[in-house]
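Asker: Following this message is one structure expressed as structure tokens.
Numbering (the working numbering), first residue to last: 3 to 248.
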């Protein structure tokens, strides 16, 4: 039975059996890992404190035919502030769910992994809604299924002013290629998305955005996610529940 070690972020956990959990991990080296953590729901289990969402771990696993097994782990850090801020936790859950859907097993995901390590602390320090939106746009850039926001998806020309946007055609469509189709991509939304794509997580700038531009940028993203994944995100229900309370 092959044994390997790696550092990981815990993206999700699910109770299994009487005392176990199925955990979804993200490794910079191995990509997404689905593993069984046997006995970790028992209070005295050495894995109990570690098998929680957003734990940052050095972990040892054994390869399995259908699923790997967590053998032991050591904490590198824990984003505990998320557990004290329900809104930030809700948006962190969205980011984690997106990463779980977009990342592949047995495929290095170093860029997304490093990005998440920078994003998660920002959720409790800055506007979590905007942080989550920026992180989602940036994560897509590493997946091979990113859209075009500043150049025409059909001819490659630079987008100037308002234009048409069609995710199924690859994103922004210039006026020459859109052939009179509805203008649904204002320049203000394009500039906002460009700002999100280049947001520096080490030194996030302060900026303002109009509510309508924020809503439109969210709609573009969520519609595209729905078309790719084909199912609603559970975390979006969590976000709606939490924000309705505030």
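C-beta: ideal position from N, C-alpha, C; glycine also.
#1: Among 128, 196, 201 and 62, which residue has its Cα nearest to the Cα of residue 215?
#2: Taking 7 Å as the threshold (C-beta atoms), are residue 27 and residue 118 in contact?
#3: Considering just the uninterrupted stretch of the beta strand (DSSP E) at residue 6, what are its terminal residues?
#4: In three-state DSSP terms, what is residue 39?
#5: From the DSSP secondary-structure annotation, give me the bridge partner or partners of residue 46.
#6: For the structure I just gave you, are there three or more beta carbon pairs, one from the stretch 146 to 159 and one from the stretch 231 to 247, closer than 8 Å?
#7: Using three-state DSSP, classify residue 167 as helix, strand or coil.
#8: Pull up the CB-CB distance for residue 111 and residue 33, whole angstroms please, since I reckon it's below 8 Å.
#9: Roughly how many whole angstroms lie between the Cα atoms of residue 223 and residue 46?
#10: Measure how close the beta-carbons of residue 176 and residue 154 come, nearest whole angstrom, since I'm counting them as under 8 Å.
#11: Could you tell me how far apart the beta carbons of residue 122 and residue 93 are, in whole angstroms, since I believe they sit closer than 8 Å?
#12: Considering only the beta carbon of each residue, do residue 42 and residue 59 sit closer than 7 Å?
#13: Quick one: Cα of residue 96 to Cα of residue 209, how far?
#14: Go to residue 79, then tell me how far its beta strand (DSSP E) extends in each direction, as first and last residue.
#15: Grab me the residues of residue 31's own chain with a C-beta within less than 7 Å of its C-beta, minus the 5 sequence neighbours each way, in chain order.
#16: Mapping the DSSP letters down to three states, classify residue 187 as helix, strand or coil.
#17: List the residues that DSSP assigns as beta-bridge partners of residue 107.
#18: Taking all protein chains shown into account, do 16 or more other C-beta atoms lie within 10 angstroms of the C-beta of residue 140, making it buried, or fewer, making it exposed?
#19: Whose C-alpha, out of 15, 6, 245 and 129, is nearest the C-alpha of residue 98?
#20: Whose CA, out of 71, 101 and 18, lies closest to the CA of residue 56?
#21: Counting only beta-carbon separations shorter than 7 Å, does residue 70 have a partner in chain B?
#22: Using the Cβ count rule (16 or more neighbours within 10 Å means buried), how would you classify residue 198?
#23: Looking only at its chain, what residues have a beta carbon closer than 6 Å to the beta carbon of residue 144, apart from the 5 residues adjacent to it on each side?
#24: My guess is that residue 219 and residue 194 are in contact by the Cβ rule of under 8 Å, so how many angstroms apart are they, rounded?
Answerer: Result, derived from the coordinates:
#1: Walking along the chain shown from the start, residue 215 turns up at place 213. Among 128, 196, 201 and 62, the Cα nearest to that of residue 215 belongs to 196.
#2: As a working note, residue 118 is residue 116 in the chain shown. As a working note, residue 27 is residue 25 in the chain shown. No, they are not a contact pair.
#3: For the purposes of this step, residue 6 is taken as residue 4 along the chain shown, with counting starting at 1. 5 to 18 is the extent of the beta strand (DSSP E) around residue 6.
#4: Within the chain shown, the letter at position 37 stands for residue 39. Strand at residue 39.
#5: Looking up residue 46 in the chain shown gives position 44. According to DSSP, residue 46 bridges with nothing at all.
#6: no
#7: Position 165 of the chain shown, counting from 1, holds the residue named residue 167. Three-state result, residue 167: strand.
#8: Position 109 of the chain shown, counted from the first residue, corresponds to residue 111. Position 31 of the chain shown, counted from the first residue, corresponds to residue 33. Their Cβ separation, rounded to whole angstroms, is 5 Å, which keeps residue 111 and residue 33 in contact under 8 Å.
#9: Within the chain shown, numbered from 1, the residue matching residue 223 stands at position 221. Within the chain shown, numbered from 1, the residue matching residue 46 stands at position 44. Distance between the alpha carbons of residue 223 and residue 46 is about 43 Å.
#10: Numbered from 1 along the chain shown, position 174 holds the residue referred to as residue 176. Numbered from 1 along the chain shown, position 152 holds the residue referred to as residue 154. Indeed they touch by this definition, with Cβ atoms about 4 Å apart.
#11: Residue mapping note: residue 122 aligns to position 120 of the chain shown, counting from 1. Residue mapping note: residue 93 aligns to position 91 of the chain shown, counting from 1. Wrong, their Cβ atoms sit about 10 Å apart, outside the cutoff.
#12: Taking the chain shown and counting its residues from 1, one reaches residue 42 at position 40. Taking the chain shown and counting its residues from 1, one reaches residue 59 at position 57. Against a cut-off of 7 Å, the Cβ pair of residue 59 and residue 42 comes out as no contact.
#13: As a working note, residue 96 is residue 94 in the chain shown. As a working note, residue 209 is residue 207 in the chain shown. Their backbone Cα atoms lie some 23 Å apart in a straight line.
#14: Looking up residue 79 in the chain shown gives position 77. That run of the beta strand (DSSP E) goes 70 to 80.
#15: On the chain shown, residue 31 is found 29 positions in, with the first residue counted as 1. Answer for residue 31: 8 and 110, listed in chain order.
#16: Translated into the one-based positions of the chain shown, residue 187 becomes position 185. If DSSP states are grouped into helix, strand and coil, residue 187 belongs with the strands.
#17: In the chain shown, the residue the question calls residue 107 occupies position 105. 33 and 34.
#18: Along the chain shown, read from residue 1 onward, the residue named residue 140 stands at position 138. So residue 140 counts as buried.
#19: If you number the chain shown from 1, residue 98 lands on position 96. Checking every option, the nearest Cα to that of residue 98 belongs to 15.
#20: As a position in the chain shown, residue 56 is number 54, starting the count at 1. For residue 56, the nearest C-alpha among the options comes from 101.
#21: Among the protein chains of the structure shown there is no chain B, as only one such chain exists.
#22: Position 196 of the chain shown, counting from 1, holds the residue named residue 198. Answer is buried; the Cβ neighbour count reaches 16.
#23: On the chain shown, residue 144 is found 142 positions in, with the first residue counted as 1. Excluding residues within five positions, the ones whose Cβ falls inside 6 Å are 113 and 114.
#24: Within the chain shown, numbered from 1, the residue matching residue 219 stands at position 217. Within the chain shown, numbered from 1, the residue matching residue 194 stands at position 192. Sure, about 6 Å apart at Cβ, within 8 Å.
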